[in-house]
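*Asks:*
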Amino acid sequence: MKRYYNEHSYKLEVRGALFSCIFEVVRRCGKVQLGYFKKEFILGDYESVRDFAAQKGIKYNWYFAEKTKGWAEEKRARQEQKQSKIIEKTIEKIAKRSLIEMWLIPMQRRSYYQ
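This is how it looks when you write it as structure tokens:
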């Protein structure tokens, strides 16, 4: 059992999957818990906030649009950061492999010919 606190400090006991929990919170206190939605949007595979809202069954009105400003840019920045880390790791692996080959192949040749 997890306990979540909303903006008005209501103590809510919520069970089940994350989104059923969120909708239970929304039903009880009438406010959307945007922190959970933001995390799900940024980590999920959604093209836009409007697409996310449509898939989750949330009305995309002016309030939701106002509260979700900047989410797409944050998601894009996070994806770029992930991609740069992947590229760095790949370059490191290739460099290590080439160094090993650069030292190993001449040693093998020397031992083969001697």
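Numbering (our numbering), first residue to last: 16 to 129. No residue lacks a Cβ here, since even glycine has one placed at the ideal position from N, Cα and C. Predicted, not measured: the structure shown is a model, and the values here were computed from it.
Check the C-beta distance from phenylalanine 56 over to phenylalanine 67 and give it rounded, since I have them as a contact under 8 Å.
*Replies:* Contact flag correct, Cβ pair sits at about 5 Å.
*Asks:* Along the chain, where does the alpha helix (DSSP H) containing glutamine 70 start, and where does it finish?
*Replies:* Glutamine 70 -> alpha helix (DSSP H) spans 64 to 71.
*Asks:* Check this for me: beta carbons of lysine 90 and leucine 49, under 8 Å apart or not?
*Replies:* Cβ atoms of lysine 90 and leucine 49: not closer than 8 Å.
*Asks:* Can you tell me where the alpha helix (DSSP H) with lysine 82 in it begins and where it stops?
*Replies:* Here the alpha helix (DSSP H) through lysine 82 covers 77 to 82.
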